[in-house]
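The block underneath contains the structure these notes are about, expressed in structure tokens.
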Amino acid sequence: MKEKVFAKLAPVEIGAYSNAIKYGNIIFVSGQLPVNPETGFVPKTIKEQTKQVIDNIRNILADAGATLDNVVKTTVYLQEMYLFSQMNEVYAKEFSEPYPARTSLATKEMAKGALVSLDVIAVID
2 MKEKVFAKLA
12 PVEIGAYSNA
22 IKYGNIIFVS
32 GQLPVNPETG
42 FVPKTIKEQT
52 KQVIDNIRNI
62 LADAGATLDN
72 VVKTTVYLQE
82 MYLFSQMNEV
92 YAKEFSEPYP
102 ARTSLATKEM
112 AKGALVSLDV
122 IAVID
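Just remember that my numbering sits 1 ahead of the position in the sequence shown, which is counted from 1.
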């Protein structure tokens with residue numbers, strides 16, 4: 002049965018969606034924006050934004066009983082593809098090998114003027 006993950010240290014949902022859903026041993030985390038959950042602000046640079054997005058995901062996973070090591074698939078949304086290498090630099094430090102399977106693509110624009118967003122799928126062993 003699916004259950005909502007209530008994330009204490011993640012941005013509040015601003016629409017008809019859940020930050021994450023746990024279904025059995027699988028956790029589906031919605032696309033996370035680089036919003037600091039304590040201040041509501043979005044950092045300026047792509048590196049800072051990538052770190053904030055991953056921190057938000059880390060916090061959501063923790064509340065579901067998982068870590069970044071449980072992530073098997075990510076989708077990275079970038080405002081522009083030229084941001085990829087800077088995003089990837091931070092991503093490679095936050096995730097460990099074997100890295101999750103990943104899709105990366107550019108979108109025209111994102112909420113709050115974000116430069117990056119990630120969604121993930123994690124599996125708890």
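Positions of the beta carbon are idealized from the N, C-alpha and C atoms, including for glycine.
- Looking at the DSSP output, Val6 sits in no beta bridge, so it has no partner there.
- For Asp64, the uninterrupted alpha helix (DSSP H) segment begins and ends at 47-64.
- DSSP places Ala93 outside any beta strand (DSSP E); the residue lies instead in the alpha helix (DSSP H), whose first and last residues are 85-95.
- Ser105 is a Cβ neighbour of Val77, given a cutoff of 8 Å.
- In the three-state reduction of the DSSP assignment, Asp120 falls in the strand class.
- DSSP links Val30 through a beta bridge to Ala21, Val121.
- By the Cβ criterion, the stretch 25-41 is in contact with the stretch 51-60, since at least three pairs of Cβ atoms, one from each stretch, lie closer than 8 Å.
- Cα atoms of Lys52 and Phe42: separation of roughly 14 Å, rounded to the nearest angstrom.
- For Lys74, the uninterrupted beta strand (DSSP E) segment begins and ends at 72-79.
- In the DSSP secondary-structure assignment, Leu106 is bridged to Tyr78.
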